[in-house]
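Notes follow the structure.
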Amino acid sequence: MKKIRIIPRLDIKGTNLVKGIHLEGLRILGNPSNFAENYYKNGADELLLMDVVASLYERNGLSELISEISKNIFIPITVGGGIRNILDIKNVLRAGADKVSINTAAINNKEFIKEAINEFGSSTITIAIEAIKGLDGEYYAFTDNGRENSGLKAIEWAKEVERLGVGEIILTSVDNEGAGKGFDFNLLELFKSINIPVIYHGGINNIENALNACEKFDIQGISIASCFHYKLIKDNTINSRVNCPKSISGFSIKKLKSILKDNNILTRK
Numbered sequence: 676m677k678k679i680r681i682i683p684r685l686d687i688k689g690t691n692l693v694k695g696i697h698l699e700g701l702r703i704l705g706n707p708s709n710f711a712e713n714y715y716k717n718g719a720d721e722l723l724l725m726d727v728v729a730s731l732y733e734r735n736g737l738s739e740l741i742s743e744i745s746k747n748i749f750i751p752i753t754v755g756g757g758i759r760n761i762l763d764i765k766n767v768l769r770a771g772a773d774k775v776s777i778n779t780a781a782i783n784n785k786e787f788i789k790e791a792i793n794e795f796g797s798s799t800i801t802i803a804i805e806a807i808k809g810l811d812g813e814y815y816a817f818t819d820n821g822r823e824n825s826g827l828k829a830i831e832w833a834k835e836v837e838r839l840g841v842g843e844i845i846l847t848s849v850d851n852e853g854a855g856k857g858f859d860f861n862l863l864e865l866f867k868s869i870n871i872p873v874i875y876h877g878g879i880n881n882i883e884n885a886l887n888a889c890e891k892f893d894i895q896g897i898s899i900a901s902c903f904h905y906k907l908i909k910d911n912t913i914n915s916r917v918n919c920p921k922s923i924s925g926f927s928i929k930k931l932k933s934i935l936k937d938n939n940i941l942t943r944k
């Protein structure tokens with residue numbers, strides 16, 4: 676039986692952990708290393724680190740942070756943002772990452788996906804799909820941290836990367852991300868046809884919403900940012916002056932896993 680992976684997502688700008696709404700309007704929350712260490716100690720199965728300004732500067736700037744975090748954290752780390760070539764992948768893996776997440780460069784060049792898989796294996800290569808619902812009701816894959824419409828339908832792009840041999844997809848509902856609306860169940864329904872692991876991210880606003888998503892869909896993993904971040908801040912576990920949004924009810928990783936277990940949903944730990 677599959678076990679759901681619980682994966683905190685940390686969006687990084689420079690040296691700071693940030694959080695926005697629809698991947699924009701970023702607020703500084705604090706030191707990402709402190710958040711990462713707390714998540715590791717509290718039972719995270721993996722970590723997802725995203726350089727949210729990498730596309731702007733055409734590079735990933737997380738190598739030092741990855742090295743710092745990986746010294747004391749012994750769970751898989753996926754790193755994304757600005758991964759554009761084989762050297763970029765080598766650099767983040769050398770720094771301590773276990774997997775990379777690619778979006779813009781993959782859409783711009785499918786051959787890069789093949790080259791990366793041949794070099795590092797499919798289990799190392801993850802494709803990020805930032806989905807936004809268009810006026811026609813279709814979901815489209817966006818690049819550059821949700822700024823540019825690729826013109827590709829999200830589900831068709833997912834099928835293509837599956838065919839190319841990618842090991843995993845990280846699917847973000849940009850429409851719901853950070854807005855406290857809950858998961859976009861229509862998007863989840865659409866991706867039920869994908870046969871490789873899909874990690875869902877974007878919109879969870881309370882523990883009941885996370886439970887409902889896990890009960891209704893064959894989810895391999897969920898990646899959560901706001902609910903985890905604001906729980907630490909609210910409990911004064913992390914030193915931050917940021918006020919928690921009223922639309923988001925924070926909860927801990929341990930609490931989520933306990934609720935899932937009570938409802939006969941297995942997790943990794």
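Residue numbers 676 to 944, in this note's numbering, belong to the letters of the sequence shown in order.
For each residue, glycine too, the CB sits at the ideal point set by N, CA and C.
Buried or exposed for residue i, please, with buried defined as at least 16 other CB atoms from any protein chain shown within 10 angstroms of its CB.
i      : result
Arg916 : exposed
Ser776 : buried
Asp811 : exposed
Leu762 : exposed
Asp686 : buried
Gly809 : exposed
Asp726 : buried
Asn747 : exposed
Helix or strand or just coil, what does DSSP make of residue i?
i      : result
Glu721 : coil
Ser922 : coil
Leu685 : strand
Asp811 : coil
Phe787 : helix
Leu737 : coil
Gly825 : For clarity, residue 825 is Ser in the given sequence; the question names Gly instead. Three-state DSSP puts Ser825 in a strand.
Lys675 : One cannot answer for residue 675 here, as it falls past the ends of the chain, which runs 676 to 944.
Leu907 : helix
Ile830 : helix
Val716 : Position check: residue 716 holds Lys in this sequence, whereas Val was assumed. If DSSP states are grouped into helix, strand and coil, Lys716 belongs with the helices.
Ala900 : coil
Leu692 : strand
Leu839 : helix
Ile637 : It is not possible to answer for residue 637, since the shown part of the chain is limited to 676 through 944.
Thr779 : helix
Ile792 : helix
Going by the beta-carbon positions, is the gap between residue i and residue j smaller than 8 Å?
i      : j      : result
Gly925 : Lys909 : yes
Leu692 : Asn713 : no
Ser738 : Ala711 : no
Gly878 : Gly857 : yes
Ile899 : Ile871 : no
Phe817 : Glu805 : yes
Val754 : Ile802 : no
Ile869 : Ile682 : no
Ala888 : Leu863 : yes
Ile752 : Ile741 : yes
Arg943 : Asp773 : no
Ile750 : Leu722 : yes
Val849 : Ile807 : yes
Glu852 : Lys828 : no
His876 : Thr912 : no
Ile928 : Asn778 : no
Lys678 : Leu941 : yes
Ile860 : Ile830 : The sequence as given places Phe at residue 860; Ile does not occur at that position. No, they are not a contact pair.
Leu886 : Ile934 : yes
Leu704 : Lys785 : no
Ser708 : Glu743 : yes
Glu883 : Asn938 : no
Ends of the beta strand (DSSP E) at residue i?
i      : result
Glu843 : 843-848
Val873 : 873-876
Ile752 : 752-755
Please look up how many angstroms separate the CB atoms of residue i and residue j, rounded, as I've assumed it's under 8 Å.
i      : j      : result
Val728 : Lys688 : 5 Å
Pro920 : Gly855 : 6 Å
Ala780 : Ile758 : 6 Å
Ser901 : Lys694 : 6 Å
By the DSSP assignment, the alpha helix (DSSP H) with residue i in it spans what residues?
i      : result
Lys929 : 928-937
Val767 : 761-770
Asn887 : 882-891
Leu862 : 860-865
Against chain B, does residue i count as a neighbour if the rule is that its beta carbon must be under 8 Å from one of theirs?
i      : result
Leu810 : Going by chain labels, chain B is absent from the structure shown, which holds only one protein chain.
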